[in-house]
Every structure is written in C-alpha cells, then in structure tokens.
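In what follows, a single structure is set out as structure tokens and then discussed.
Chains as they are written, first to last, in the UniProt record's numbering: chain A, 1 to 419; chain B, 1 to 294.
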C-alpha cells in the first residue's frame with residue numbers, strides 16, 4: 001500500500017472515530033421545561049428544532065406557565081429528580097435554584113461571557129459562578145402613539161415630569177360622558193408590579209438590598225418611586241386604577257386597543273404592534289429618566305441546567321446553542337425579544353425587520369439594565385407586591401407600605417436563612 | 001379449626017381490602033400531616049429538624065394566619081350561604097312543571113361544568129374596570145357613570161371572589177336540593193292543597209323539613225369545597241390587592257408548595273382540618289340529619 005494511501009486512510013479513520021466520540025458525548029434526548037407554550041414562542045421552537053437537527057438530540061419540551069414554573073421545578077428539584085435536564089427560566093429564578101445547589105455551572109469561558117451585556121451576565125451569576133445561558137431579555141421601554149402625540153403637538157417625554165405632563169394632555173373623555181376613554185399612560189401591574197417598581201426604584205437611584213441582604217428599597221429613592229407610581233393613578237389620574245390587576249398581556253391590550261396612549265412595557269410588544277392596526281402609528285423610545293437615569297429592570301429568560309441531570313453535557317450544549325448569536329437573532333426578529341448580545345442589533349436582518357430608530361432604542365436600552373438576584377424570590381416578590389398594591393389603592397402611604405414590606409422580608413430572611 | 005376461625009372472622013376478611021385502601025388514602029396522609037407539623041422543614045435549604053409544638057405556638061403570633069382565617073370565614077360563609085339560598089330558589093322553580101324544564105336544568109349546570117380556573121379568569125375579565133362587561137352593564141343601566149376598578153379595592157375584590165364562587169357552585173347545590181325535592185310524595189302537597197295551604201306554607205312546612213338531609217349534604221359538601229378553594233382566588237385576584245383575598249388554603253399552598261416550608265404549612269393544614277371537622281359537626285347538630293324521617 002502506498003504511503004499516501006495509508007496516511008489518507010489513517011486520517012479518515014481518525015476523523016471517523018473522533019466524530020463518533022463527539023456524537024457519543026451527547027445523549028439521545030433531553031427534557032426541557034419551557035417558560036410558556038411554544039406556540040407563543042416561535043423563535044424558541046425554531047431554535048430547538050435547529051438544535052435537534054444539528055446535534056441529533058431529541059428535545060422533549062414540557063410547557064409550563066411562567067407563573068407556576070418555580071413551583072413546579074421546586075417540587076421536582078427538592079426530590080432530587082433527574083426528570084428535568086434543563087429549563088428556560090427567568091433571571092430572577094437564579095438564587096432560588098442556585099442556593100440549594102440545584103443548578104449546574106454553565107461553563108462559559110471569560111471570552112464567552114464577553115459577548116453578552118455585563119448586566120445580563122451579572123444577573124446570571126451566583127457567588128461568582130455563572131449558571132444561566134442568556135436567551136433573551138425584556139428591558140422596559142416607552143411605547144407611544146406617535147399619531148396622538150403629533151396631533152397634540154407633543155414631544156416624546158424624556159423625564160418623569162415630562163411624562164406626567166404629556167400623559168395629562170393625552171388623558172381624555174372623548175364623548176363627554178364623564179368617563180375617561182383614553183388614558184395617557186400605563187405601566188405593568190399584577191404579577192409584574194414588582195418589576196415596575198424596581199425600574200422606577202433604579203431610576204431614582206435606589207436598590208433592593210445592600211451587600212448584606214438587608215432590604216433598602218424603603219429608602220427615600222424607594223418612596224419616591226412608589227409615590228410616583230401612586231400619583232400617576234391617584235393624583236394625576238393619567239393611569240387607570242385597574243392597572244393594579246393588569247399584567248403584561250392586559251396592558252398590551254390596552255395600548256393596542258387605543259385605550260392608553262403610552263405604556264412602559266417590555267419588548268414582545270414590538271411584535272404585537274407590528275402585527276396590529278397600530279403599525280406605523282406607534283413608536284418606541286427609551287424609558288423616561290428619573291433623577292438617577294433610565295436604568296430599567298432586567299426581566300427575560302436564561303437556560304439553566306439541572307445539577308441532578310444525568311445528561312448534563314448535552315443539556316449544557318443545548319443551553320449554549322440557545323444563547324448563541326444566531327439563536328438570539330431569531331428571538332429578536334421572530335418574536336421581538338431583545339437580545340442579551342448587543343452585537344446582534346448590528347445584524348442586517350434586524351435592521352431589515354425593525355425601523356432604524358427602534359433598533360437604536362433597543363440597543364441603547366439593553367445596555368442599561370439591572371437585576372439583583374436574591375434568595376427566596378417568591379416570598380420577597382409576593383410581600384413586595386402586596387404592599388405596593390396597598391400603596392397604589394390608597395390603603396397605605398408609600399413610606400409605610402415599603403417599611404412594612406422591608407420589615408416582613410427582614411423577618412423572613414432572619415427566620416429562614418438566619419441572616 | 002382453621003376453617004372455623006376463617007368462618008368466624010369472615011366479615012373482617014371481606015372488609016380488610018377496603019380498610020387497607022382507606023388507611024392508604026386517608027389515615028396515612030392525615031397522620032403524615034400531623035407528623036410533619038411537628039417539624040421545621042425547609043425544602044429549599046434542605047433543613048429538617050424536630051420542633052415539637054413550636055409551629056403551633058408560632059401560629060398564634062402569626063398575624064397573617066389570623067387575617068387569612070378571617071378572610072376564609074367571610075369567603076366561605078358568604079359563598080356557601082348565598083349559593084344555598086339561590087340553590088333553594090332555583091331548585092324550587094325547577095321542581096315545578098314549567099315549560100322547558102329539562103333544558104333549563106341542563107343550562108343551569110353550565111357554570112358548574114366550567115373548570116374553576118377558567119371561572120376565575122372569566123370573572124377577572126368581567127370585573128376589569130376599563131373593558132369589563134360588568135361596568136359596561138351598570139353604565140348602560142345608568143347605575144354608574146364612572147368605571148369602578150372592582151379588583152383594586154380589598155372589599156370589592158372579595159365580593160368579586162365570592163360572586164365567582166357562588167356563580168360556579170350554585171348548580172351543585174341546586175342539583176342536590178332538587179333531588180331531595182323530587183323524593184317528596186305529591187300526596188303531601190295535595191293534602192296541603194285540600195287544607196288550603198299557601199305556597200309559602202307548603203314550602204315551609206313540607207318542602208323544607210323533608211329536604212333537610214339534602215340541605216345537610218349540600219351544606220357539608222359546599223363548605224368542604226369552599227374552605228379548600230384555591231383556583232378561583234388565584235385566577236381572579238392572586239390573593240390581592242395586597243392580601244385582601246388571601247385565604248388559608250392559598251396560605252397553605254404558598255407555604256408548602258411555593259416556599260417549601262412544609263412543617264409550618266402542615267400546621268396550618270391541621271388547623272384547617274380541625275376547623276372543617278368542627279363545622280361539619282356543628283351542621284350535624286343544627287340540622288340533625290335523619291330528623292326528617294322521624
């Protein structure tokens with residue numbers, strides 16, 4: 001046999017066996033809990049299919065409403081079950097699952113982390129270890145009816161004060177029956193009330209906790225934020241009272257149906273606007289600034305891998321695949337979810353899909369997001385939400401509501417965590 | 001000899017599988033509930049330690065417990081009472097020979113057929129202040145001229161939850177009471193007619209005493225359903241605004257399922273179980289089932 005033939009044969013065998021070795025590293029199938037149903041998650045569904053085709057791994061998706069995801073997964077993980085290999089969950093879930101040791105480090109290299117916004121990696125990292133592979137993010141942006149603002153000769157508000165003034169002019173009783181037909185402004189309430197508060201808190205220069213996990217959201221910045229939220233409803237009457245019980249979907253409905261002229265909401269609303277009669281009439285701007293800037297709360301999804309999984313490497317490969325440039329791009333152009341990877345906004349496919357102004361706003365907005373992962377998220381969130389609701393419906397003063405929430409959370413941390 | 005023993009205790013052998021099943025599905029979980037209530041258990045921290053009756057002591061100083069207990073009494077008391085009164089009225093109507101009675105009986109069951117979560121979501125839409133059907137109706141009738149945000153005020157939110165509950169569950173009460181009414185012999189009413197009794201007198205002196213066992217069953221079942229109700233509360237208000245519509249069932253759910261504080265959650269479960277038993281016994285005492293047969 002000629003020497004060259006032997007070399008070709010040897011190289012071919014090496015490639016063949018190394019390929020087989022790579023293929024053998026992955027399990028045949030994994031089970032992934034998705035936040036919400038895939039019908040409303042076309043980009044995730046598309047990328048899961050791509051992963052299945054590229055890696056030859058079947059992904060069994062279990063669809064769980066996001067509100068119940070922590071409950072369901074907590075039950076699964078507390079029994080040390082391996083039935084979930086990975087899950088698409090929110091940034092805020094990190095501490096709940098990382099603290100008891102239920103998550104597997106995702107294994108990003110330093111270079112791998114650099115492609116994401118720093119705020120996103122910070123929100124995916126617990127005690128120095130990164131556990132989440134960022135899939136998409138929901139920052140808060142101002143959606144407004146440019147036709148209504150133009151008709152009134154109004155400028156897009158850039159500060160809280162301007163927001164109040166513009167909202168007052170856009171709040172109208174159109175038919176004179178004593179009932180307001182169009183409100184000036186709305187923000188996310190119900191299960192997103194805590195998120196909204198955080199955005200206003202950060203914009204006032206406040207924080208949720210100090211470095212020792214003491215609640216500090218009842219600071220003057222916190223009171224300012226909650227007073228602003230309350231005043232919009234009760235004093236200025238530019239925001240509907242019912243907002244207290246309306247979440248992301250309901251507030252989007254109000255905007256799309258023309259009942260509200262401006263909303264502070266999260267990116268999937270891009271997609272709804274583009275597919276509605278408002279296309280061309282509505283636009284996007286950065287959230288108006290408070291006294292400390294316009295940082296907004298970071299919501300959105302990451303992929304976590306279970307430490308109980310018997311298919312960790314496959315699950316990690318899945319997580320990294322779903323947070324790749326291409327997958328982030330699909331999240332943005334197919335679903336309107338903002339990308340945790342800022343370079344995605346420069347992609348021609350993004351510029352083709354969205355107006356240039358929107359792309360600029362989205363890119364700038366995602367660079368200034370913040371989340372503070374902390375333990376016992378659900379309890380903290382429920383306590384905070386309950387007290388915020390009391391301030392908004394006028395049954396408690398903002399300072400008292402926040403003081404009460406802080407005291408309850410402090411007691412909770414003392415009792416449960418011994419802090 | 002063996003056959004003799006077997007024959008002597010034959011009836012015990014026959015009921016043994018049933019007792020075993022009962023022990024498995026009732027006695028063990030109940031015992032486990034009491035047992036768990038004696039521990040500090042936190043699933044998230046992976047901590048379990050025996051604390052004796054500490055959880056029960058803690059409960060007395062838990063302001064949330066007392067507040068939610070009050071909400072539970074308001075919710076259960078109102079929803080059960082209203083559905084019982086409405087059930088009595090509707091079953092009385094459906095028991096008469098009216099046109100389309102069969103169709104009405106089927107239609108009347110519709111709210112009961114709908115899953116309670118959907119009932120909660122439906123009522124959340126109905127009670128929305130801006131596009132809710134209830135406000136639109138009141139405005140068209142001229143009762144209000146400004147939308148009311150029903151779910152943002154504690155009192156009106158609780159009224160909303162109670163309304164959704166009795167709307168969904170009144171058909172159940174109606175069915176039970178209607179079955180009771182249909183078992184009353186017509187001769188009793190005919191005799192009363194001969195004596196010149198009015199409609200009210202017939203209802204009060206014949207129908208009501210004879211359907212006492214049915215009222216007892218309806219009351220007990222409704223109370224059991226309402227006291228552990230979680231679906232409607234969560235879907236309609238999520239326990240809010242604030243904690244205005246939180247009830248003991250949702251507190252137990254939060255403690256045990258969401259926060260994994262199984263020990264304290266079980267303690268409140270024990271108390272809720274004792275309250276339920278006390279209520280059932282008081283219904284037995286008040287209604288004295290069986291008295292109608294005497």
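Cβ atoms here follow ideal geometry from the backbone N, Cα and C, with glycine treated the same way.
Residue 202 of chain A is positioned such that its CB atom lies no closer than 8 angstroms to that of residue 314 of chain A. With fewer than 16 other beta carbons inside 10 angstroms of its own, residue 50 of chain B counts as exposed. Contact annotation: residue 164 of chain B and residue 120 of chain B have beta-carbon atoms nearer than 8 angstroms. Excluding sequence positions up to five before and after residue 339 of chain A, its CB lies within less than 6 angstroms of the CB of 328, 332, all in the same chain and listed in chain order. Close to residue 152 of chain B, with beta-carbon spacing below 7 angstroms, are these residues of chain A in chain order: 241, 242, 244, 245, 393.
Residue 42 of chain B has B:47 as its beta-bridge partners, per DSSP. Residues of the stretch 18-50 of chain B with a C-beta less than 8 angstroms from any C-beta of chain A: 42, 43, 44, 45, 46, listed in chain order.
Fewer than three beta-carbon pairs drawn from the stretch 272-286 of chain A and the stretch 216-225 of chain A are found closer than 8 angstroms, and the two stretches are therefore not classed as touching. Put simply, the CB of residue 360 of chain A is far from chain B, with every gap to its CB atoms at 8 angstroms or more.
Along the stretch 247-269 of chain A, the positions whose C-beta sits under 7 angstroms from a C-beta of chain B are 254, 259, read in chain order. If one requires a minimum length of 4 residues, the alpha helix (DSSP H) runs lying completely within the stretch 38-112 of chain B are 54-60, 63-94, in chain order. Annotation for residue 241 of chain B: no beta strand (DSSP E) segment contains it, and DSSP assigns it neither H nor E.
A direct Cα-Cα distance of roughly 12 angstroms separates residue 345 of chain A from residue 355 of chain A. The closest CA to that of residue 166 of chain B, considering only B:193, B:191, B:222, is found on B:222. The beta carbon of residue 100 of chain A sits closer than 8 angstroms to some beta carbon of chain B. By the neighbour-count criterion, in which a residue is buried when 16 or more other Cβ atoms sit within 10 angstroms of its Cβ, residue 233 of chain A is buried. With contacts defined as CB atoms closer than 8 angstroms, residue 270 of chain B and residue 247 of chain B fail to qualify as a contacting pair. With a threshold of 8 angstroms between beta carbons, residue 379 of chain A makes contact with chain B. Non-local C-beta neighbours of residue 249 of chain B in its own chain, meaning closer than 8 angstroms and more than five positions away in sequence, comprise 72, 227, 228, 229, 230, 233, 272, ordered along the chain. Across the structure, residue 183 of chain A and residue 297 of chain A are spaced so that their CA atoms are roughly 24 angstroms apart.
Taking 8 angstroms as the cut-off, the beta carbon of residue 130 of chain A is found closer than this to the beta carbon of residue 113 of chain A.
Looking at the DSSP output, residue 31 of chain A shares a beta bridge with A:60.
Between residue 304 of chain A and the set A:335, A:134, A:192, the nearest pair of CA atoms involves A:134. Three or more pairs of CB atoms, one per stretch, sit closer than 8 angstroms, so the stretch 123-134 of chain B contacts the stretch 150-159 of chain B. Between residue 197 of chain A and residue 412 of chain A, the gap from beta carbon to beta carbon reaches 8 angstroms or more.
With respect to the 8 angstroms criterion, residue 188 of chain A and residue 90 of chain A are not classified as neighbours on the basis of their beta carbons.
Residue range 212-227 is occupied by the alpha helix (DSSP H) that includes residue 220 of chain B. Of the other Cβ atoms in all chains shown, fewer than 16 fall within 10 Å of the Cβ of residue 29 of chain A; this residue is therefore exposed. In this model, residue 26 of chain A and residue 123 of chain A are separated by some 28 angstroms (Cα to Cα). Contacts with chain A at 8 angstroms (Cβ-Cβ) do not include residue 278 of chain B.
Using a Cβ-Cβ distance cut-off of 8 angstroms, the stretch 354-371 of chain A and the stretch 149-169 of chain A are not in contact, since fewer than three pairs of beta carbons, one from each stretch, lie closer than that value.
The residue among A:267, A:253, A:418, A:289 with its C-alpha nearest the C-alpha of residue 276 of chain A is A:253.
Of the candidates B:256, B:282, B:63, B:110, the residue whose Cα lies closest to the Cα of residue 33 of chain B is B:256. In this structure, DSSP gives residue 305 of chain A an extended state, which the three-state scheme calls strand. Linking residue 154 of chain A to residue 146 of chain A through their CA atoms gives a straight-line distance of about 9 angstroms. A residue is called buried once 16 or more other Cβ atoms fall within 10 Å of its Cβ, and residue 62 of chain A, having fewer, is exposed.
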